[in-house]
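Sequential numbering from 914 applies to the sequence shown in my numbering.
The structure appears below as structure tokens.
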Amino acid sequence: MRKDSAREEWDNPTQFVLACVSYAVGLGNVWRFPYLCQMHGGGGFLIPYIIMLVLEGVPLFYMELAIGQKMRLGSIGAWSAISPYLGGVGLASVVTSMYLCLYYNVINAWSFWYLFHSFQSVLPWAECPVNSNMTGPIEECERATPTQYFFYRETLDISGSIKENGGIHTGQAVCLLLAWGIVYLFIVKGVKSTGKVVYFTATFPYLVLIIYLIRGVTLHGAINGVMYMVTPKMEQLANPTTWINAATQIFFSLGLGFGSLIAFASFNQYNNNFEKQAIVVSMINSGTSIFASVVTFSIYGFKATFNYESCLERLRLLLLNTFDIAEDAISLENVHQWIAELNRTQPEQFTSLQDRLEICDLKAELDTAVEGTGLAFIVYSEAIKNMPISQLWSVLYFIMLLLLGMGSMLGNVIAVITPISDLKFFSRYMSTETLNGLVCLFCLLLGLGFTTRSGNYWFTMFNDYGATFSLLFIVLIEVISVCYIYGISRFEKDVEDMLGHRPNWYWKIMLAGVSPILLIALFIFYMVNYIQGGSPTYQAWDKELGKSVVLEYPPYAQAFIGLLLVSSVCCIPLMALYTYCRKRNPATGKRERTISTVSA
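Now the structure itself:
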């Protein structure tokens, strides 16, 4: 195997750890993990989550760091060094990371948009804008909510379906340009600049989370959200989907299969103790998910309590305006008792109110599960607008989102750039600054498609189908290749060469048996779900109704989904076939045998 002493290196092991933390701790820790907790039994979800972390997450994280540090190459070069037939594994990782780069930075553009709008005297998502006739609020906004209207109509200027294209949203395009400009500045000098940036991107979000935790737990109703989170629903442990989602969350939150970890580790010193770092980063990532969930549920409890008490207040005013009751006789605490009493004593008059009565239920408010952008940009915004000094909390929140997003983007872009820069043509004829700039420019130009009026629907498509299937397949091939093609005994010797000792029984049992079985189960589960799910659908914004409706993707979009699913994984067999054909060619056979000998 290769030891390249001339390769760039991190200034110290701390930079590497912070780079991994900055990459692994991302937006999913703030919105997807709390959503899964909410959906799968609150605190009870932590049981399968921790088990899957031990059985799947940490061993696979360890394996990718070991490969990168030993080979000192990006994903394509590293897997080609293991076997010339495995170069497609690295190429598949690059393609998947490229897909992620295209749409992930759009979230950072949205964060910039919200951040810039947070400096107004009244937050623009706090109330509905006035219609063109200046006679009242826009009806669509009233049918929805101000926060939903601002996200869908002001931020996205969304069309009614994926079929309605529309032009580019200029404001979003500028924000996307800014986001890519900052990414380029962070990586312009390669590891030398990235290593300095991660000190900030990896630590500052924790400062904001701590500030938000202090503020969140002191909000009225926050305890309702926190108690909802920690109260376990143990029956969910019998639900196979709970375990599958726990494994999937571990898998994606650590960033396995993208090639980013291999790229990061390739810049380590050869004898760096990656084993300890794999455990530390995994623990930090999972601990952050739990910590962020407490913050999220305290905010969520405040929002739910605010909505619940607003509903009770509307009922109280309705009763006071309809019946001859002293104003101080009805409070929020006894509204439901008064409703029951009036229904019993004055049934005829009470019947006339039936169509105006609302159902106020705190548990129903807390049970409303919101995932992804809905949680990050709608639910949080709705909670923030009701806080004192809402502009301050809005600025802090969206700066935190930006740093989390930018930290993950560093890993995504490096996963693409490192394997390309390892190729002799680019290293010989192109400087680091030029190559990095061209990759960022390429992603920016393609990413502009997500800033069109139908862009959010394509964003959702990439998010749902661009990585899940391919990453499961890529990592499954990775672990099988290491343990059963390259050989677990050779892998042990490589680890011993770097660390001075062989992997213990835990690493060997997990990598050779448990982790592959779990990956096969996840892969089968995904395929069965996809096949049984019928035609893929998406959430489209209906401006007449002021809410999202479910639509089926048109045929051309379904064909594109199929392309997303197979475009990266097909690199693996195609590259293997290409290598086989080259080896069969007498003109290249001698050279290929020489390369194989050096790689081994």
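Idealized CB from N, CA, C, for every residue including glycine.
Which residues DSSP lists as bridging residue i, in chain order
i, result
"V1462", "A1453"
"I1175", "Beta-bridge pairing links I1175 to no other residue."
"V1043", "P1050"
"T1381", "Paired residues: none, contrary to the question."
"T1009", "Partner(s): none; T1009 has no beta bridge."
"I963", "DSSP, once it has assigned bridges, lists no residue as partnering I963."
"T1365", "I1081"
Residue span of the alpha helix (DSSP H) that contains residue i, given as start and end
i, result
"S1481", "Counting along the chain, S1481 falls outside any alpha helix (DSSP H), and DSSP gives it neither H nor E."
"T1331", "1303-1335"
"R945", "940-952"
"A1060", "Note on residue identity: the sequence assigns Thr, not Ala, to residue 1060. Its alpha helix (DSSP H) spans residues 1059-1062."
"A1191", "1187-1235"
"Y1125", "1117-1130"
"E1346", "1345-1360"
"H1249", "1248-1258"
"E1271", "Counting along the chain, E1271 falls outside any alpha helix (DSSP H), and DSSP gives it neither H nor E."
"I1437", "1428-1445"
"Y1141", "1135-1143"
"P926", "926-937"
"K1421", "1418-1422"
"D1410", "1401-1412"
Pairwise C-alpha distance: residue j and residue i
i, j, result
"Y1439", "I1474", "15 Å"
"F1530", "E1346", "In the structure displayed, the chain extends from 914 to 1513; residue 1530 sits before or after that span and is not available."
"A991", "F1064", "43 Å"
"V1292", "L1358", "31 Å"
"L1432", "Q1445", "20 Å"
"Y975", "G987", "16 Å"
"N1152", "F958", "11 Å"
"S1074", "L1464", "8 Å"
"R1366", "A1092", "19 Å"
"S1512", "L1122", "Confidence is the limiting factor: at S1512 the pLDDT is only 39, short of 50, which leaves the residue's position unreliable, though a coordinate-based value still follows. One C-alpha to the other measures close to 46 Å."
"I1212", "L1487", "49 Å"
"F892", "R1227", "Shown here, the chain extends from 914 to 1513; a query on residue 892 therefore has no answer."
"F1117", "M1313", "7 Å"
"E1246", "L1270", "17 Å"
"E1148", "G954", "8 Å"
"E1278", "L999", "50 Å"
"L1233", "K1456", "35 Å"
"I1330", "G1049", "52 Å"
"V1427", "L1120", "37 Å"
"L1389", "V1008", "17 Å"
"C1088", "A1022", "5 Å"
"S1480", "F1375", "12 Å"
"T1068", "H1030", "10 Å"
Exposure of residue i, with buried meaning 16 or more beta-carbon neighbours within 10 Å
i, result
"D1268", "exposed"
"V1392", "buried"
"W1156", "buried"
"L1315", "buried"
"N1018", "buried"
"C1353", "buried"
"D1237", "exposed"
"V1043", "exposed"
"Y962", "buried"
"T1381", "buried"
"C1494", "exposed"
"P1467", "exposed"
"V930", "buried"
"Y1469", "exposed"
"H1414", "exposed"
Residue from the options with nearest C-alpha to residue i
i, options, result
"Q1098", "A1005, Y1012, V1326, I1243", "The identity of residue 1098 in the sequence shown is Leu, whereas the question assumes Gln. Out of A1005, Y1012, V1326, I1243, V1326 has the C-alpha closest to the C-alpha of L1098."
"I1430", "G1080, I1485, G956, L973", "L973"
"E921", "Q1182, T1058, V971", "Q1182"
"G1320", "K1102, W1420, K1109, Y1469", "K1109"
"Q1190", "P961, F1171, A979, V1427", "A979"
"I1175", "F1386, A1470, G1003", "G1003"
"I964", "N1184, M1423, V1479", "M1423"
"W1371", "I995, S1072, A932, P997", "S1072"
"K1459", "L1015, I1272, T1058", "Inspection of the sequence shows that residue 1459 is occupied by Gly rather than by Lys. Of L1015, I1272, T1058, the residue nearest in Cα terms is T1058."
"G1142", "N1186, S1206, N1184, C1088", "According to the sequence provided, residue 1142 is Met. The question's Gly does not apply to it. Of N1186, S1206, N1184, C1088, the residue nearest in Cα terms is S1206."
"S1244", "L1255, R1229, F1210, G1079", "R1229"
"T1515", "I1252, F1032, I1272", "Residue 1515 falls outside the range modelled here, since the chain spans only 914 to 1513, and no answer is possible."
"N1137", "S1166, Q928, K1276", "K1276"
"Y1027", "Y1342, A1242, L1305", "L1305"
"F1032", "I1302, N1417, M952", "I1302"
The ligand FAD heavy atom lying under 7 Å from the CB of residue i
i, result
"L1490", "Of ligands this structure carries none, so the ligand FAD is not represented either."
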